[in-house]
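>
2 protein chains.
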Amino acid sequence: MARRAASGDEGRRPTTIRDVAAHAGVSVATVSRILSGTYPSAPATRSKVMRAVRELDYVANANARGLAGASSRSVAIIVNSVVSPHYAHVAQGVQAQAALEGKLCIVGTTGGDSERELATVQLMRQEHAECVILVGNVVNDEAYRERMAEYARALALAGSQLVLCGRPPLGPGVPALVVEYDNTGGAYAITSHLLSAGHRRILFLGRRDGYTTPESRVAGYRKALADHRVPHDPGLEVEGTMERLEGYRMVRQRLAAGPRDFTAIFAGNDLIAAGARQALREHGLRVPDDVSMVGFDDLPPAADIDLTTVHVPHEELGRTAVRLALGRGQDQAGIQAGMAEHVLLGTHIIVRDSVRPLRNQAP
Amino acid sequence: MARRAASGDEGRRPTTIRDVAAHAGVSVATVSRILSGTYPSAPATRSKVMRAVRELDYVANANARGLAGASSRSVAIIVNSVVSPHYAHVAQGVQAQAALEGKLCIVGTTGGDSERELATVQLMRQEHAECVILVGNVVNDEAYRERMAEYARALALAGSQLVLCGRPPLGPGVPALVVEYDNTGGAYAITSHLLSAGHRRILFLGRRDGYTTPESRVAGYRKALADHRVPHDPGLEVEGTMERLEGYRMVRQRLAAGPRDFTAIFAGNDLIAAGARQALREHGLRVPDDVSMVGFDDLPPAADIDLTTVHVPHEELGRTAVRLALGRGQDQAGIQAGMAEHVLLGTHIIVRDSVRPLRNQAP
DNA sequence: CCATCGTATGAAAGCGGTTTACCAGCGTGT
DNA sequence: ACACGCTGGTAAACCGCTTTCATACGATGG
């Protein structure tokens, strides 16, 4: 019986639960139960086992555990890229919450390629993650919705939850959670901020039809204009993606094309704002002395360039996604119990020094 | 035999390899071998199996695979925080290389707390990651070295490789790989850059004794001064951590304490530079008109504030770590074959607009 | 035409846990 | 004293896959 734990303890093979059992003089089942925690056991046995674990430096094999038990104790997050600050913050939130719940976090990237996204979801499926969190801006067409519904069903069948983070809901009947933040509301608020400062001609940088995030932001911008009875000039909405270089390009082209016909800029996000600011500077224009500017996201570049912007609860987004998915998984009844399937997190304005009342601004 | 795959295909239990075998009319062994790829098989059987896989939407169970086979097909990375740009880039590199090699990437964070680091390493150990990559600046004392050696041995015993990324080597006999970049060289080069511009009194921001990264950077700074025969004034080395706020604080305090006694600043990293720049501005000083400044890292803030800095191959660091660890694992002989145990990646200067020759600078 | 050998496949033994029966004691209530 | 419910523990059946080991089958050589 104690054959294993015999003198030759320096064996190459890592310690298993059987070794622990032998060493402690109990059965493997007892060890398993004591380690899992959830079971009554005599204090004496408990301490015997714990001592054996310590002495043998035993660590459970997660694969075996995941195979035998129901749960793999892991959550998956899939993002475009880990270096992009927004994704990084969401990922941080996911990781933190996962750690808090004793799960580990596995991450995949797509580079924005939907083929890779598909492959990555498959990967997570075979990993049996308890939930897979898909985050990021995306084309919102029929094909997309269908694909997501497919993912959601396949994952549900494997006992795992699909969470869409920062994406719009798919519609009823699809077993997917949605956690997003109020893009339209934020855009409305910050546009109003500019309008209150007297600005009427506000350049919107980063329109991109068909993509959910920029679309919602443009929508907020337009609604604010409308509510303030400021005529809407579609010519002020410049198309471009959400990158720094694009911000640079858009402003540069605009200024090269003719005389300046705006007094303020609403950059689709802070990256665009940073690029735009550089283009302005190269053109001899200062923010906010000559042009007012606001952004969206409140990510690192914003503080560096003193940008008034919309704060987005990036980390909270990730945290909530995990909490929700795990909560729902735990309590299957949650579904019937009407646990939230769609959460909308709020945003708020961060005022820095990038906006000046129109009257105080150089012409 | 075909009991499983009988009409009622809508069973709740996910598809297993047995289902596929039954559906294709072969044995599970055959399916396993064909899916693993590495084995000869008759084309006819192969296509039968593949069809079954497709029709049943089969995905292998990674836990079972990891348990039965040797490898878990995963690499682990442990960082302070995912949002910190340096770590994010390294993580991106790790993730990318892992994906390239068909492995998945699991990430843990420590928040800089060594207790959490320990716990996280344990977590990765039980996950049986093929390698665990520890990245980040750290106190380099005896206790640390001992702890790392412990980690390395425990991991090696479980068939996994410890990789220290951006940390100095531990010494011989410890089964750990090291991938770092040339901090001292970079600091030397960029200090020389300032010296060539005529600067003699260069403030170093972010000295922190006992921590490897800042220590190496200070070392390069000092060596450059020495080589250029510029007297070294210890009073010019300001202590602080590698954060934006710290940069702000350090400069603010310095300027409040007395008249400006420097003409250039070498910020320990770009974050510090950003903070320092803000403090300077609030004090009415412009970069580079009044003060020259350089940073280190070449991370996002650098471009935004037009900072001349040292480019660090962050992603390459992560990539190399994975490549090395996996390469070594695959070919156990690699150890004897003298495969690199310590890689030092080079850096180079990125010149932007933050340095002005002393003579052209305001007094 | 039989012995020989290489090859594609099958049967079964684990991998290291969890979990379901099941059982030995051991007070209690009557 | 006996049936009875508890408690702390055991044995053994999986979980789904990989991987020997063994085998049937064709092709080959003498």
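Heads up: the protein sequence lines correspond to chains E and A, in order.
Take the first sequence: its letters are residues 1 to 363, numbered as in full-length UniProt numbering.
Take the second sequence: its letters are residues 1 to 363, numbered as in full-length UniProt numbering.
From the three backbone atoms N, C-alpha and C, an ideal C-beta is built for every residue, glycine too.
From a predicted model like this one, the values you see are computed outputs, not experimental measurements.
Closer than 7 Å between beta carbons: that is the criterion. Which residues of the stretch 280-307 of chain E meet it against chain A?
Within the stretch 280-307 of chain E, the qualifying residues are Pro300, Pro301, Asp304, Ile305.
> Who are the neighbours of cysteine 105/A on chain E, taking C-beta pairs under 8 Å?
Ile106, Val107, Gly108
> Listed from N- to C-terminal order along the chain, which residues in the stretch 50-67 of chain E have their beta-carbon within a distance smaller than 9 Å of any beta-carbon of chain A?
Residues Asp57, Val59, Ala60, Asn61, Ala62, Asn63, Ala64, Arg65, Gly66, Leu67.
> Glutamate 127/A CB to nearest chain E CB: under 8 Å?
For glutamate 127/A, the answer is yes, since a Cβ of chain E falls inside 8 Å of its Cβ.
> Note down, in chain order, each residue of its chain lying with its Cβ closer than 6 Å to the Cβ of leucine 285/A, except the 5 sequence neighbours on either side.
Val291
> Counting C-beta neighbours from all protein chains within 10 Å, is the total for histidine 199/E 16 or more, i.e. buried, or is it exposed?
Classification for histidine 199/E: buried.
> Just tell me which of Thr347/A, Ser84/A, Arg33/A has its CA closest to the CA of glycine 185/A.
Thr347/A
> Distance cutoff 8 Å, beta carbons only. Does alanine 333/E sit that close to anything in chain A?
At alanine 333/E the pLDDT is 43, less than 50, meaning the model places this residue with poor confidence; the figure from the coordinates comes in the next sentence. Answer no: the Cβ-Cβ gap between alanine 333/E and chain A never drops below 8 Å.
> Let me confirm a value: serine 84/A is counted as buried when at least 16 other C-beta atoms fall within 10 Å, else exposed. Which label applies?
buried
> Grab me the residues of arginine 244/A's own chain with a C-beta within less than 6 Å of its C-beta, minus the 5 sequence neighbours each way, in chain order.
Leu271, Ala274, Gly275
> In chain order, what residues of the same chain have a beta carbon less than 6 Å from the beta carbon of glutamine 332/A, not counting five sequence neighbours either side?
Because glutamine 332/A sits at a pLDDT of 48, beneath the cut-off of 50, its placement in the model cannot be relied upon, and the following sentence gives the value as read from the coordinates. Excluding its 5 nearest sequence neighbours in each direction, glutamine 332/A has no C-beta neighbour in its own chain below 6 Å.
> Looking at chain E, which residues of the stretch 77-99 of chain A have a Cβ within less than 8 Å of any of its Cβ atoms?
Ser81, Val82, Val83, Pro85, Ala88, His89, Ala91, Gln92, Gln95, Ala96, Ala99
> So for tyrosine 39/A, helix, strand or coil by DSSP?
When secondary structure is reduced to three states using DSSP, tyrosine 39/A falls in the coil class, being assigned neither helix nor strand.
> Please state if the CB of isoleucine 77/E and the CB of alanine 91/E are separated by a distance shorter than 8 Å.
yes
> State yes or no: is the beta carbon of proline 14/A nearer than 8 Å to at least one beta carbon in chain E?
yes
> Can the beta-carbon of glutamine 161/E be found less than 8 Å from the beta-carbon of alanine 325/E?
yes
> Leucine 326/E touches chain A at which residues, Cβ-Cβ below 8 Å?
Within 8 Å Cβ-Cβ: nothing; leucine 326/E doesn't reach chain A, min ~17 Å.
> Between the alpha carbons of proline 301/A and valine 82/A, how many angstroms are there, rounded?
17 Å
> Using a threshold of 8 Å, state whether the C-beta atoms of leucine 170/E and arginine 145/E are closer than that.
Yes. Within cutoff.
> I need the boundaries of the beta strand (DSSP E) containing methionine 293/A, first residue and last residue.
Its beta strand (DSSP E) spans residues 292-294.
> Could you work out which residue in Tyr58/E, Thr309/E, Ser192/E is closest to arginine 229/E when comparing CA atoms only?
Ser192/E
> Within this structure, are the beta carbons of isoleucine 202/A and leucine 236/A separated by less than 8 Å?
yes
> Using only the alpha-carbon positions, how far apart do alanine 68/E and alanine 149/A sit?
If I take the Cα positions, the gap works out to 33 Å.
> When DSSP builds the beta bridges, which residues end up paired with histidine 228/E?
Histidine 228/E is not bridged to any residue.
> Examine chain A for any beta-carbon lying closer than 8 Å to the beta-carbon of serine 71/E, and answer yes or no.
no
> From the DSSP secondary-structure annotation, give me the bridge partner or partners of glycine 108/A.
Ile78/A
> Does any CB atom of chain A fall closer than 8 Å to the CB of alanine 276/E?
no
> Chain A beta carbons: is any one of them nearer than 8 Å to that of residue 374/E?
It is not possible to answer for residue 374/E, since the shown part of chain E is limited to 1 through 363.
> Between valine 20/A and threonine 45/A, is the Cβ-Cβ spacing less than 8 Å?
no
> Which residues of the stretch 115-140 of chain E have a Cβ closer than 7 Å to any Cβ of chain A? Give them in chain order.
Gln122, Leu123, Arg125, Gln126, Glu127, His128
> Does the Cβ-Cβ distance between valine 294/E and threonine 309/E come in under 8 Å?
yes
> In its own chain, which residues sit with a C-beta less than 7 Å from the C-beta of arginine 13/E, not counting the 5 before and 5 after it?
none
> Residues of chain E with CB under 9 Å from alanine 321/A, in chain order?
None at all; the shortest Cβ gap to chain E is about 15 Å.
> Relative to the alpha-carbon of aspartate 57/A, which residue among Val139/E, Pro168/E, Tyr151/E has its alpha-carbon at the smallest distance?
Tyr151/E
> By how many angstroms is the C-alpha of isoleucine 265/E removed from the C-alpha of leucine 358/E?
12 Å
> Residue 420/A by DSSP, collapsed to three states: which one?
The structure shown has nothing for residue 420/A, since chain A only spans 1 to 363.
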